[in-house]
Amino acid sequence: MDLEILKAQVWALATAYGGKIVLAILAFIIGRAIIGKVGSLLSGFMEKRKVDKDVQPFLNSLLVVLLNVMLLLSIAGIVGIETSSFVAVLGAAGLAVGLALQGSLANFAGGVLILIFKPYRVGDLISAQGFTGIVEGVQIFNTVLVTPDNKTIILPNGSLSTSPITNISGKGEIRVDMVFAAGSQNGVDKIREALDIVVKSCPSALKDRGHDIFVTKLTENAIFFDVRVWTCSSTYWDTYYFVHEGVSRQFGLDNVQPPKPAELGVALRQL
18 MDLEILKAQV WALATAYGGK IVLAILAFII GRAIIGKVGS LLSGFMEKRK VDKDVQPFLN
78 SLLVVLLNVM LLLSIAGIVG IETSSFVAVL GAAGLAVGLA LQGSLANFAG GVLILIFKPY
138 RVGDLISAQG FTGIVEGVQI FNTVLVTPDN KTIILPNGSL STSPITNISG KGEIRVDMVF
198 AAGSQNGVDK IREALDIVVK SCPSALKDRG HDIFVTKLTE NAIFFDVRVW TCSSTYWDTY
258 YFVHEGVSRQ FGLDNVQPPK PAELGVALRQ L
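Numbering (the numbering used here), first residue to last: 18 to 288.
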C-alpha cells in the first residue's frame with residue numbers, strides 16, 4: 018500500500034514538474050551557449066578597439082558572471098521557485114556595496130573609459146588636475162604620472178575621466194613657445210640674428226617645420242621677442258633648456274645688451 022502511494026506521489030510530481038525541469042534544462046543549455054557567444058563577441062570587439070589587454074579578461078569575466086546570474090534567476094522562475102526575494106536581496110546587497118565603494122566604483126568606471134577610449138597612453142606627456150608629467154601607467158583605479166623632476170603623481174581615474182586633460186604629446190610633435198627680451202639700443206635685426214643662430218643650432222629642433230621669431234612688444238628701453246620652435250614631444254624640455262642657455266651665450270658673444278632693470282622685471286614676469 019505504501020509502495021502504491023509512493024508511486025502515485027512520484028507520478029504526480031513528475032507530471033507537475035517534469036515539463037518545467039526539461040524546459041529549465043533546455044533553457045540552461047541554450048543560455049550557456051548564448052553567454053559563450055556574447056563573451057566571444059565582446060572579446061572580438063575589445064580586440065578591434067584595441068582595449069588594454071590587462072582589462073579585457075576582467076570586463077569579459079564581469080559580463081559573463083552577470084549573464085550567468087540572470088540565467089540562474091530565469092531558470093529558477095521556470096521551475097517555479099519564487100525569485101523576487103532573491104532579487105531583493107541582491108539589489109539590497111548591490112546598493113550597500115555601491116554606497117560603501119562609490120568613490121572606488123567611480124574610479125573603476127573612469128579607468129575603464131580611459132582604457133577603452135584612450136585619451137592618453139603610456140609614455141604621453143599630459144597636463145591634468147594641475148599636474149604635468151609623463152604617463153607611466155594606466156591602472157584600473159589610478160593613472161600614474163612622473164613629473165619632469167622625477168616625482169610620482171597618482172591621480173584617480175574618476176576625476177580624470179570627467180575633467181579637461183591636455184595631451185601635450187598626443188600629436189608626436191609640439192611647439193615650444195618662449196619669450197626673450199633685450200635692450201632696444203641693440204636694434205631688432207641684431208637681436209633676431211642672435212636668436213636665429215641659437216634656434217638653428219638646436220639639435221632637437223625639427224628642421225622641416227621651421228621656426229618663428231616675432232617682435233611682440235616694443236617699449237622705450239626693451240624689445241620683446243616670441244620664439245617658437247617645433248620639436249618632438251619627447252624632447253620638449255631638451256629644446257626649451259637648450260634655447261634658453263644658447264640665447265644667454267649668444268647674447269654675450271654678440272654683445273647684445275639686456276633691458277634696463279625696470280624693463281627686465283617686466284620681461285621676467287612674462288616668462
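In this text, a Cβ means the ideal position worked out from N, Cα and C, and glycines have one as well. Since we're looking at a predicted model, the values are computed, not measured.
Take residue 182 and list the residues in its own chain whose beta-carbon comes closer than 7 Å to its own, dropping the five residues that flank it on each side. In the sequence shown, the residue the question calls residue 182 occupies position 165. Contacts found: 136, 137, 143 and 145.
In this structure, does DSSP put residue 124 in helix, strand or coil? Position 107 of the sequence shown, counted from the first residue, corresponds to residue 124. Reduced to three states, the DSSP call for residue 124 is helix.
What first and last residue would you give for the beta strand (DSSP E) that runs through residue 159? The residue labelled residue 159 in the question sits at position 142 within the sequence shown. Where residue 159 is concerned, the enclosing beta strand (DSSP E) stretches over 159-163.
Identify the continuous beta strand (DSSP E) that holds residue 11 and give its terminal residues. Outside the displayed span of the chain (18 to 288) sits residue 11, for which this structure offers no information.
Bridge partner(s) assigned by DSSP for residue 211: In the sequence shown, residue 211 corresponds to position 194, counting from 1. Residue 211 pairs with nothing; no bridge assigned.
Once you ignore the five residues that flank residue 118 on each side, which residues in its own chain have a CB closer than 8 Å to its CB? The sequence position of residue 118 within the sequence shown is 101, counting from 1. Summary for residue 118: the model assigns pLDDT 46, below 50, so the residue's position carries little reliability; its value from the coordinates is reported in the next sentence. Counting only Cβ-Cβ distances below 8 Å, and skipping sequence neighbours, we find nothing.
Touching by the beta-carbon criterion (3+ pairs, under 8 Å), the stretch 216-231 and the stretch 255-263: yes
Kindly confirm or deny that the stretch 236-256 and the stretch 269-278 touch, where touching means at least three C-beta pairs closer than 8 Å. yes
Rounded to whole angstroms, what is the Cα-Cα separation between residue 197 and residue 266? Locating residue 197 in the sequence shown gives position 180, counting from the first residue. Locating residue 266 in the sequence shown gives position 249, counting from the first residue. Rounded to the nearest whole angstrom, the CA to CA distance from residue 197 to residue 266 is 13 Å.
Figure out for me which residue from 268, 184, 250 and 192 has the closest Cα to the Cα of residue 209. Counting from 1 along the sequence shown, the entry for residue 209 is found at position 192. The shortest C-alpha separation from residue 209 is found at 268.
What's the call for residue 92, buried or exposed, on a 16-neighbour Cβ count within 10 Å? Counting from one through the sequence shown, the residue named residue 92 turns up at place 75. The residue in question, residue 92, is buried, as its Cβ has 16 or more Cβ neighbours within 10 Å.
Classify residue 85 as helix, strand or coil using the three-state DSSP reduction. Here residue 85 corresponds to residue number 68 of the sequence shown, with the count starting at 1. Three-state result, residue 85: helix.
Going by CA-CA distance only, name the one from 186, 42, 89 and 123 that's closest to residue 251. Walking along the sequence shown from the start, residue 251 turns up at place 234. Among 186, 42, 89 and 123, the Cα nearest to that of residue 251 belongs to 186.
DSSP three-state label for residue 229, please. Here residue 229 refers to the residue found at position 212 of the sequence shown. Residue 229: strand per DSSP, three-state reduction.
Please report the straight-line C-alpha distance between residue 40 and residue 90, rounded to a whole angstrom. Translated into positions along the sequence shown, residue 40 becomes position 23. Translated into positions along the sequence shown, residue 90 becomes position 73. The alpha-carbon atoms of residue 40 and residue 90 are separated by roughly 14 Å.
Return the first residue and the last residue of the beta strand (DSSP E) that residue 155 is part of. Within the sequence shown, the letter at position 138 stands for residue 155. Note, residue 155: beta strand (DSSP E), 148-155.
Applying the criterion that 16 or more other CB atoms from any shown protein chain within 10 Å of the CB defines a buried residue, is residue 124 buried or exposed? For the purposes of this step, residue 124 is identified with residue 107 of the sequence shown, where counting begins at 1. Under this definition residue 124 is a buried residue.
Between the CA atoms of residue 165 and residue 244 - distance to the nearest angstrom: In the sequence shown, the residue the question calls residue 244 occupies position 227. In the sequence shown, the residue the question calls residue 165 occupies position 148. Going from the Cα of residue 244 to the Cα of residue 165 covers about 22 Å.
Is residue 246 buried or exposed, if buried means 16 or more other CB atoms sit within 10 Å of its CB? Here residue 246 is taken as the residue at index 229 of the sequence shown, counted from 1. It counts as buried.
Just to confirm, is the Cβ distance from residue 38 to residue 96 under 8 Å? Mapped onto the sequence shown, residue 38 falls at position 21. Mapped onto the sequence shown, residue 96 falls at position 79. In contact: residue 38 and residue 96 (Cβ atoms closer than 8 Å).
Using the DSSP secondary-structure output, state which residues sit across from residue 190 in a beta bridge. The residue given as residue 190 occupies position 173 in the sequence shown. Paired residue(s): 249.
Top-ranked residue by Cα proximity to residue 52, from 141, 180 and 83: Here residue 52 refers to the residue found at position 35 of the sequence shown. Closest in C-alpha terms to residue 52, from the list 141, 180 and 83, comes 83.
Relative to the C-alpha of residue 226, which candidate in 205, 192 and 188 has its C-alpha closest? If you number the sequence shown from 1, residue 226 lands on position 209. The shortest Cα separation from residue 226 among 205, 192 and 188 belongs to 192.
If I follow the unbroken beta strand (DSSP E) through residue 143, where does it start and stop? Numbered from 1 along the sequence shown, position 126 holds the residue referred to as residue 143. Taken as a continuous stretch (DSSP letters only), the beta strand (DSSP E) holding residue 143 covers 142-145.
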